[in-house]
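The sequence shown: position 115 = 118 (this note's numbering), numbered continuously. Beta carbons: idealized from backbone N, C-alpha and C, even for Gly.
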Amino acid sequence: MKITINENQRGLLFNHGKFVKMLDSGTYHGLPGRTVELLNLENPIQSEVCAQEILMQDKTISRQSVTVEVGDEQLALHFVNGHFKQCLRRGRYMFWTIYDKHEFQIVDISTPEIGDNVPEYILEKLPTSFYTKVTVNAFQKARLYFNKKLVRLLDVGIYYFWNTKIRVEADFVDTRRTQMNISGQEILTLDKVNLRINFVCTYRITDYVRVLTEIDDYKEQMHVAIQLALREYVGKFRLDDILANKDQISTYVFERLKAMENQWFVEILDAGVKDIVLPGEIRDIMNTVLLAEKRAQANVITRREEVASTRSLLNTARLMDENKTLYKLKELEYLEKICENVGNINVGGVDLLSQLSALAGAN
């Protein structure tokens, strides 16, 4: 029987299933009753028919290999010739050192926290089954939990945590100005008119931890508080008063919210009425009243202009009556206008314009 072992291989010689020794590269003849298992030098030393402990006892294999033991709560970062190759989980591993240099960095994973001794570029090369990645954007904060227990608040950045028996979770909070819309709130006024009010409130969270741990659904509580404040204010006034002082509703609700913002761990930035929608029949009545008011205003203006025009004519007539020269000038002015617009006027062959001009000149 002829066996050829290449340069990138080593052979394990067995005699009737019992390990004998390691064979270097080369060609071997005459091995009756014996078998050879070929191993690639680039792969971990692992035999299909022989236990690893037996191979480790062979002096030749021991001299040309390195062994690493990875514990239950450990990982081993495996470097080959100074370059990261892989991450090893719990177990014992053997590698050939004939052509390559193997180095190992043992990492403790008893907690999910990843120390500074593990560079980020290595984590990016690992399968995602090894770690949990948490990305916090510029407009966010993240609450970090280990086994449902709040650990700390994460600022903007990228964070990595080992996947262990401890469950890692994170939820995010928006740090930007947030708008809350309260739409279609139907409220009765003091005179029993059913108004529909749309309200808007702008706020920002101030304590990202306590807003979760010390209050149940702060958004719902803010929503209810706005509803109650609107009902309390609108119910005290008649429709005309509310429409005349719409800004006072916003001021009243805003002050009520500011007084309670510390209970919700938020800062109320602004609040105001967006729309007041009247019932259809009330809206028709209001439009009728508005139209009547505008017509009355138009009539007043018309009468005022007529009086002013009449007064002006009276003053002009009085001046002409008192001053004959002014009267004469006025006649000439009207005559000039007539002559400009009319070429001639003939009645029975007589030119009236010429006679008027002569008459005006004689006077």
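Who does H226 pair with in a DSSP beta bridge? What you label residue 226 is simply residue 223 of the sequence shown in a count that begins at 1. Its beta-bridge partners do not exist; DSSP assigns none.
Can you name the start and end residues of the beta strand (DSSP E) that F240 belongs to? Position 237 of the sequence shown, counted from the first residue, corresponds to residue 240. Here F240 belongs to no beta strand (DSSP E), and DSSP marks it neither H nor E.
For L90, which of I125, M59, L260 and K104 has the nearest alpha-carbon? By 1-based counting over the sequence shown, the position of residue 90 is 87. Contrary to the premise, residue 90 reads as Cys rather than Leu in this sequence. C90 has its Cα closest to that of I125, out of I125, M59, L260 and K104.
Check whether the Cβ atoms of Y206 and T181 lie closer than 8 Å to each other. The residue given as residue 206 occupies position 203 in the sequence shown. The residue given as residue 181 occupies position 178 in the sequence shown. Yes, the pair counts as a contact, with Cβ atoms nearer than the cut-off.
Is there contact between the segment 144 to 161 and the segment 185 to 201, where contact requires at least three CB pairs shorter than 8 Å? no
Spatial neighbours of V237 in its chain, beta-carbon cut-off 8 Å, leaving aside the 5 residues before and after: Translated into positions along the sequence shown, residue 237 becomes position 234. Answer for V237: I190, L191, T192, L198, I200, I245 and I252, listed in chain order.
So, using beta-carbon positions, are L15 and C53 closer together than 8 Å? Residue mapping note: residue 15 aligns to position 12 of the sequence shown, counting from 1. Residue mapping note: residue 53 aligns to position 50 of the sequence shown, counting from 1. For L15 and C53, yes; Cβs fall inside 8 Å.
What do you get for S68, buried or exposed, if any count of 16 or more other CB atoms within 10 angstroms of its CB means buried? Translated into positions along the sequence shown, residue 68 becomes position 65. Buried, by the Cβ-count rule.
Going by the DSSP bridge assignment, what does N3 pair with across the sheet? Nothing can be reported for residue 3: it is not among the residues displayed for the chain, which extend from 4 to 366.
Taking the Cβ atom as the reference point for each residue, do Y31 and I48 lie within a distance shorter than 8 Å? Numbered from 1 along the sequence shown, position 28 holds the residue referred to as residue 31. Numbered from 1 along the sequence shown, position 45 holds the residue referred to as residue 48. Taking 8 Å as the Cβ cut-off, Y31 and I48 do not qualify as a contacting pair.
When T100, L129 and R92 are compared against I109, the one with the closest alpha-carbon: Stepping through the sequence shown from its first residue, residue 109 is reached at position 106. Checked all of T100, L129 and R92; the closest Cα to I109 is R92.
Compute the Euclidean distance between the alpha carbons of V256 and F175, then round it to the nearest angstrom. In the sequence shown, counting from the first residue as 1, residue 256 sits at position 253. In the sequence shown, counting from the first residue as 1, residue 175 sits at position 172. Their backbone Cα atoms lie some 29 Å apart in a straight line.
Does the distance from the C-beta atom of N11 to that of E45 stay below 8 Å? The residue you call residue 11 lines up with position 8 of the sequence shown. The residue you call residue 45 lines up with position 42 of the sequence shown. A contact, by the Cβ cut-off of 8 Å.
Between the alpha carbons of V280 and Q143, how many angstroms are there, rounded? Taking the sequence shown and counting its residues from 1, the one referred to as residue 280 is at position 277. Taking the sequence shown and counting its residues from 1, the one referred to as residue 143 is at position 140. So the two alpha carbons sit approximately 37 Å from each other.
Measure the alpha-carbon distance for N84 versus E106 and round it to whole angstroms. By 1-based counting over the sequence shown, the position of residue 84 is 81. By 1-based counting over the sequence shown, the position of residue 106 is 103. Cα to Cα, N84 sits roughly 8 Å from E106.
Measuring only the C-alpha atoms, how far is N302 from E296? Within the sequence shown, numbered from 1, the residue matching residue 302 stands at position 299. Within the sequence shown, numbered from 1, the residue matching residue 296 stands at position 293. Each residue's Cα considered, the two are about 10 Å apart.
L41 burial status per 10 Å Cβ neighbour count (16 or more: buried): Stepping through the sequence shown from its first residue, residue 41 is reached at position 38. L41 should be labelled exposed.
Who are L215's beta bridge partners in DSSP? Looking up residue 215 in the sequence shown gives position 212. DSSP output for L215 lists no bridge partner at all.
Since D174 is in the beta strand (DSSP E), which residue starts that stretch and which ends it? Position 171 of the sequence shown holds residue 174. Note, D174: beta strand (DSSP E), V171 to D177.
Taking all protein chains shown into account, do 16 or more other C-beta atoms lie within 10 angstroms of the C-beta of E35, making it buried, or fewer, making it exposed? Position 32 of the sequence shown, counting from 1, holds the residue named residue 35. It is Pro, not Glu, that sits at residue 35 in the sequence shown. Exposed, by the Cβ-count rule.
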